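Numbering (our numbering), first residue to last: 18 to 438. Each residue gets a CB set at the ideal place from its N, CA and C atoms; glycine is no exception. Bear in mind that the values here come from a model prediction, so they are computed numbers and not experimental data. The next block holds one structure in the form of structure tokens; read it before the comments.
Spelled out as structure tokens, the structure:
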């Protein structure tokens, strides 16, 4: 089997670097944090510039956690601008590789299978990485870092752990180097897919490093983590069987859609009920735009942190798959009124539709009002056409105009943050 070579490229402090570039500033020298001042000092910084990181400020800290003796620029998020920059970086990748060999992992990170290109360009993996990174810098002004690995996992770990300590911003790992250099590395949360909960559970049985996992009793690990133990063990040895081709050909067995938001203040039972209605409306339009429908919906309501209460959650099933707001909202509101404490402040909401199917497979029953269903479908199509042509706020429901409503503001956002328009 041919040994493959992968790059994992990350755009350094991406949002903050974009804001610095737009202002003609050097992100390596200027203190800048991307955060929305309208959300108060408790809001999370989406990014801080490398110079602030050098002062010990964490990337996803809250504004009030930034030491008061540090002077910095606060830049409101501009998501549309960041997407534009990300697209420009993707265009750079396509100058060197075919799209089939590029997997965009996030807005600021991508995997590249460069196996077939090294001989073509007569370059080593490191030289190709330098060429791409330099092209990104010249094209966008953004500094990139890169991990090189003999599989996708090692490329990611080379990026996350090795590249940040390298003077040229490039790290390299194969399986042997991984075991020699990182088997004793701590904390375990530095490794991809190892969260704080996993680290804590492993710590309870005396496992502190990847080397410990590699030499641990496998039956014990399977008892602790089930089938996920297989991936954990493979990664402990630096192994990864998935390839770029596997990623490109993957199709999920089940699809779902969700709509969630963290509220900017505590909401009462009735105010949050309005938000649930807005979110159901948004979810129904998303399904309609994709020609999809569902018969199962899950609602999760989280209370204010100070209450100490666990989130309320429940699932409701309707007789026939639908994307009709009229049909779905009544069922979800009944669920809301059944599972939510009326006197407690609410801070977070999520509505999801499970096992989404195409409308063409939608099955009606004896209790379906076909005329009403057709009217709903025509109405949704008309609403979608208006929104696509004139913007999401060109047509809204009356409830969206209420003081507690958030739909119109969220329509002006991308990913829950200001679009910059």
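Between the alpha carbons of residue 250 and residue 123 lies a gap of roughly 25 Å. Distance check between residue 348 and each of 363, 411, 332 places 332 closest, using alpha-carbon atoms only. Ranked by Cα distance from residue 133, the first of 97, 56, 20 is 20. Residue 177 and residue 281 have their C-alpha atoms spaced approximately 32 Å apart. In the DSSP assignment, no residue is bridged to residue 57.
Secondary-structure assignment with DSSP links residue 275 through a beta bridge to 369. The C-beta of residue 255 has 16 or more other C-beta atoms within 10 Å across all chains shown, which makes the residue buried. In this structure, residue 302 and residue 397 form a Cβ contact; the two beta carbons are roughly 7 Å apart against a cut-off of 8 Å. Looking from the CA of residue 355, the closest CA among 371, 340, 318, 367 belongs to 318. Inter-segment contact for the region 351-371 and the region 301-316 is present: three or more beta-carbon pairs are separated by less than 8 Å. In this structure residue 72 is not in contact with residue 90, their Cβ atoms being roughly 14 Å apart against a cut-off of 8 Å.
Per DSSP, residue 114 has no beta-bridge partner at all. Checking the DSSP bridge columns, you'll see residue 350 has no partner listed. Per DSSP, residue 83 lies in no alpha helix (DSSP H) segment and is marked neither H nor E. Scanning 145, 67, 218, 75 for the CA closest to the CA of residue 242 turns up 218.
Judged by their CB atoms, residue 171 and residue 190 are nearer to each other than the 9 Å cut-off.
Taken through DSSP and simplified to helix, strand or coil, residue 45 comes out as coil.
Contiguous alpha helix (DSSP H) elements confined to the region 203-276 occur at 213-221, 227-231, 235-242, 245-253, 261-266, taking only those with 4 or more residues.
Where residue 129 is concerned, there is no enclosing alpha helix (DSSP H), although the beta strand (DSSP E) around it starts and stops at 126-130. Cβ neighbours of residue 210 within its own chain (closer than 6 Å, five residues either side excluded): none.
Boundaries around residue 190 are those of the beta strand (DSSP E), 187-190, since no alpha helix (DSSP H) includes it. Scanning its chain for C-beta atoms nearer than 6 Å, with the 5 sequence neighbours on each side dropped, one finds around residue 31 the residues 125, in chain order.
Apart from sequence neighbours up to five positions away, the residues of its chain that approach residue 321 with a beta-carbon distance below 8 Å are 283, 361, 362, 363, 364, ordered along the chain.
When the five nearest sequence neighbours on each side are left out, the beta carbons in the same chain lying within less than 6 Å of the beta carbon of residue 103 are those of 124, in order along the chain. Counting other Cβ atoms within 10 Å of its Cβ, residue 278 reaches 16 or more and is therefore classed as buried. Within 10 angstroms of the beta-carbon of residue 357 lie 16 or more other beta-carbons, which makes it buried. Per the C-alpha coordinates, the member of 207, 429, 276 positioned closest to residue 227 is 207. Listed in chain order, the non-local C-beta contacts of residue 231 below 6 Å within the same chain comprise 253, 254, local neighbours out to five positions each way being set aside.
Under the Cβ criterion (8 Å, minimum of three pairs), the region 78-85 does not count as touching the region 97-117.
Per DSSP, the continuous alpha helix (DSSP H) segment holding residue 174 begins and ends at 169-174. Contact check for residue 136 against residue 165 fails: the beta carbons are separated by 9 Å or more. For residue 320, there is no enclosing alpha helix (DSSP H); the residue is found in the beta strand (DSSP E) stretching over 309-320. DSSP places residue 30 in no beta strand (DSSP E); its state is neither H nor E. The Cβ atoms of residue 153 and residue 28 sit closer than 9 Å to each other.
Residue 374 is a Cβ neighbour of residue 338, given a cutoff of 9 Å. Of the candidates 121, 418, 344, 429, 121 places its Cα closest to the Cα of residue 169.
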